[in-house]
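There are 2 protein chains.
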Amino acid sequence: MKTDRLLTPDALEAALRDIGAERYHIHHPFHKKLHGGELNRAQVQAWALNRYYYQAMIPVKDATLMARFPTAEERREWRRRVVDHDGDGQSIGGVGRWMKLAEGVGLDPDHVRAGAGILPATRFAVDAYVAFVRDRSLVEAVASSLTELFSPVIIAERVSGMLANYDWITKDTLAYFTPRLTQARQDSDWALAYVMAHASTPEAQQAVLAALRFKCDVLWAQLDALHHAYVVPGLIPPGAFCPEI
Amino acid sequence: MKTDRLLTPDALEAALRDIGAERYHIHHPFHKKLHGGELNRAQVQAWALNRYYYQAMIPVKDATLMARFPTAEERREWRRRVVDHDGDGQSIGGVGRWMKLAEGVGLDPDHVRAGAGILPATRFAVDAYVAFVRDRSLVEAVASSLTELFSPVIIAERVSGMLANYDWITKDTLAYFTPRLTQARQDSDWALAYVMAHASTPEAQQAVLAALRFKCDVLWAQLDALHHAYVVPGLIPPGAFCPEI
Chain H
195 MKTDRLLTPD
205 ALEAALRDIG
215 AERYHIHHPF
225 HKKLHGGELN
235 RAQVQAWALN
245 RYYYQAMIPV
255 KDATLMARFP
265 TAEERREWRR
275 RVVDHDGDGQ
285 SIGGVGRWMK
295 LAEGVGLDPD
305 HVRAGAGILP
315 ATRFAVDAYV
325 AFVRDRSLVE
335 AVASSLTELF
345 SPVIIAERVS
355 GMLANYDWIT
365 KDTLAYFTPR
375 LTQARQDSDW
385 ALAYVMAHAS
395 TPEAQQAVLA
405 ALRFKCDVLW
415 AQLDALHHAY
425 VVPGLIPPGA
435 FCPEI
Chain W
195 MKTDRLLTPD
205 ALEAALRDIG
215 AERYHIHHPF
225 HKKLHGGELN
235 RAQVQAWALN
245 RYYYQAMIPV
255 KDATLMARFP
265 TAEERREWRR
275 RVVDHDGDGQ
285 SIGGVGRWMK
295 LAEGVGLDPD
305 HVRAGAGILP
315 ATRFAVDAYV
325 AFVRDRSLVE
335 AVASSLTELF
345 SPVIIAERVS
355 GMLANYDWIT
365 KDTLAYFTPR
375 LTQARQDSDW
385 ALAYVMAHAS
395 TPEAQQAVLA
405 ALRFKCDVLW
415 AQLDALHHAY
425 VVPGLIPPGA
435 FCPEI
């Protein structure tokens, strides 16, 4: 939605949600195959392995962003995200829970942690996300997190579909996703309010819309690379994870 | 080739050349289709459009690297690359010649210059290359340029194959490649000698080998993204160039 005029809050929120409706990776064929039970164990392993790199970099991304807020209140708000992903030493965080998922689908945790065999395209996309929150304006950096507006639906599809369609995946393996449903809602409420309050010119509004498109690209490119390497045409780049099947 | 011992100069050069033999994008099916005449005009346009972004960022990459050399002699050597790509205001540089190529295959130069419709994966990979030469050690940054050791062969294949197989491509359109044959040889001779002189520990030698693998990944990921979007399965990401055919 292009405009030179200032959008009303409702119109801005609608434009943000339109981007999700068009570009969120819930529309990617790899996601459809994943929750539809059409992938084999090795393809699910490739997904878990590559996605681990994304998960592991999320607290790095959030710490980078947190460091840029000028007030303690804002940093505290964002710090909750870092705690959610890194844990607090007592309870396991999101990254640790994703490792349980990777182990649950049969991967060696040391390999996963080392990032051995992840697709270069995964690393390029994820690193672009960290660079974006470091280099762009603060309101664009916050806006890039707004894919969380759309994540409850994809998580619900993924969990119900994977439990129904793969008998080697247990509820325990997918425990990562349960707290994400409430965390993402709380996080995106705050981020959306922040964006509404701070994108106060037509230029800033267009910039936050572009930031959300960028983030959708980051997610989409990760599934593209998985699809291309492990589904169709199955062209695994040199050095990447080769399933033994 | 993994080792904890210091490689002889010959062994180090052989290990660098082995990486090219295994991982250079000359082995990618998109390259084979391109020079083999198996692509349609729109697919060649997608290649020219996306590769323009890479070409346009090369002098940015080289300026970033040049700024890190401690001596005038080294900076002068590297400056030649920037001149080769940016031109000198009299003679056209490599980026300008690539634009001629893009126009020659039917693209609008304003669209190409704006990067409209390039694949997000292209941007992520190219930006990763610029970040690499900024953030890694100087010898790793120089080593990442060593894919030029392998470029004369791919250029020869590309030019002869494209002229033979596409009657809508002229020698003039491919003028970009002619000076690259001598420039790349001169550049890679210097860079190889630099790497030999400066990678003086086993750790540094392993790091330069990894740097060249990284650069091969950058090139490979670009052809992967093109192949996936425009050849097989033809899954164009939201917002990317859609040929009207």
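Keeping their order, the protein sequence lines are chains H and W.
Quick note: the first sequence uses my numbering, first residue 195, plus one each step.
Quick note: the second sequence uses my numbering, first residue 195, plus one each step.
Cβ coordinates follow ideal geometry from the N, Cα and C atoms, glycine included.
Values in this document were obtained by computation on a predicted structure and should not be read as measured data.
Distance cutoff 9 angstroms, beta carbons only. Does residue i sit that close to anything in chain W?
i: H:VAL402; result: no
i: H:LEU343; result: no
i: H:PRO264; result: no
i: H:ALA250; result: no
i: H:ALA325; result: yes
i: H:ASP204; result: no
i: H:ASP212; result: no
i: H:MET195; result: Here the model assigns H:MET195 a pLDDT of 48, short of 50, so the residue's position is not dependable and the matter cannot be decided.
Strictly under 9 angstroms for the Cβ-Cβ distance: is residue i near chain H by that measure?
i: W:GLY433; result: yes
i: W:VAL277; result: no
i: W:VAL426; result: yes
i: W:ILE439; result: Annotation note: pLDDT 49 at W:ILE439 (below 50); position unreliable, no value reported.
Just the chain W side, please: which residues come within less than 9 angstroms of residue i by C-beta, in chain order?
i: H:LEU259; result: None at all; the shortest Cβ gap to chain W is about 18 angstroms.
i: H:LEU429; result: HIS222, PRO223, ASP418, HIS421, HIS422 and VAL426
Taking just the CA atoms, how far does residue j sit from residue i?
i: W:VAL238; j: H:PHE224; result: 26 angstroms
i: H:ALA415; j: H:TYR323; result: 12 angstroms
i: H:SER394; j: W:ASN234; result: 46 angstroms
i: H:HIS279; j: W:ARG262; result: 36 angstroms
i: W:GLY231; j: W:ASN359; result: 5 angstroms
i: W:LEU340; j: W:GLU271; result: 15 angstroms
i: W:LEU417; j: H:ARG317; result: 16 angstroms
i: W:VAL327; j: W:ARG407; result: 14 angstroms
i: W:ALA310; j: W:ASP304; result: 9 angstroms
i: H:VAL333; j: H:TYR388; result: 8 angstroms
i: H:LEU413; j: W:PRO203; result: 43 angstroms
i: W:ARG269; j: H:LEU243; result: 41 angstroms
i: W:HIS421; j: H:GLN284; result: 46 angstroms
i: W:SER382; j: W:GLU342; result: 6 angstroms
i: H:GLY281; j: H:ALA378; result: 16 angstroms
i: H:LEU386; j: H:PRO431; result: 38 angstroms
i: H:ASP366; j: W:HIS222; result: 40 angstroms
i: W:ALA434; j: W:LEU313; result: 6 angstroms
i: H:HIS219; j: H:LYS409; result: 10 angstroms
i: W:ALA315; j: H:ALA419; result: 9 angstroms
i: H:THR372; j: H:LYS227; result: 21 angstroms
i: H:LEU259; j: W:ALA325; result: 19 angstroms
i: H:PRO306; j: H:GLY287; result: Position check: residue 306 of chain H holds Val in this sequence, whereas Pro was assumed. Roughly 16 angstroms separates the two Cα atoms.
i: W:VAL254; j: W:ALA398; result: 25 angstroms
i: H:PRO396; j: H:MET390; result: 12 angstroms
i: W:ALA296; j: H:ASP302; result: 46 angstroms
i: W:GLY428; j: H:ILE252; result: 30 angstroms
i: W:ALA308; j: H:ASP329; result: 20 angstroms
Since residue i meets chain W, which of its residues come closer than 8 angstroms, beta carbon to beta carbon?
i: H:ALA209; result: Neighbours of H:ALA209 on chain W: none; closest Cβ ~15 angstroms, over 8 angstroms.
By the criterion of Cβ-Cβ separation under 9 angstroms, what are the contact partners of residue i in chain H?
i: W:GLU216; result: PRO432 and GLY433
Sorry if obvious, but does the Cβ on residue i come closer than 8 angstroms to a heavy atom of the ligand SAH?
i: W:PRO303; result: The ligand SAH is not among the ligands present in this structure, which contains no ligands whatsoever.
Between the segment 204-211 of chain W and the segment 354-374 of chain H, do three or more beta carbon pairs fall short of 8 angstroms? Not touching, per the Cβ criterion.
Which of the residues in the segment 306-323 of chain W, read from start to end, lie with their CB under 7 angstroms from any CB of chain H? Flagged, chain order: PRO314, ALA315, PHE318, ALA319, ASP321 and ALA322.
Which of the residues in the segment 391-418 of chain H, read from start to end, lie with their CB under 9 angstroms from any CB of chain W? Residues ARG407, PHE408, CYS410, ASP411, VAL412, TRP414, ALA415 and ASP418.
Problem - Sufficient close CB pairs (3 or more, under 8 angstroms) joining the segment 385-404 of chain H to the segment 344-353 of chain H - result: In short, these stretches do not touch, since the Cβ pair count stays below three.
Report yes or no: do three or more beta-carbon pairs, one from the segment 282-293 of chain W and one from the segment 244-256 of chain W, lie closer than 8 angstroms? At 8 angstroms Cβ cutoff, the stretches touch.
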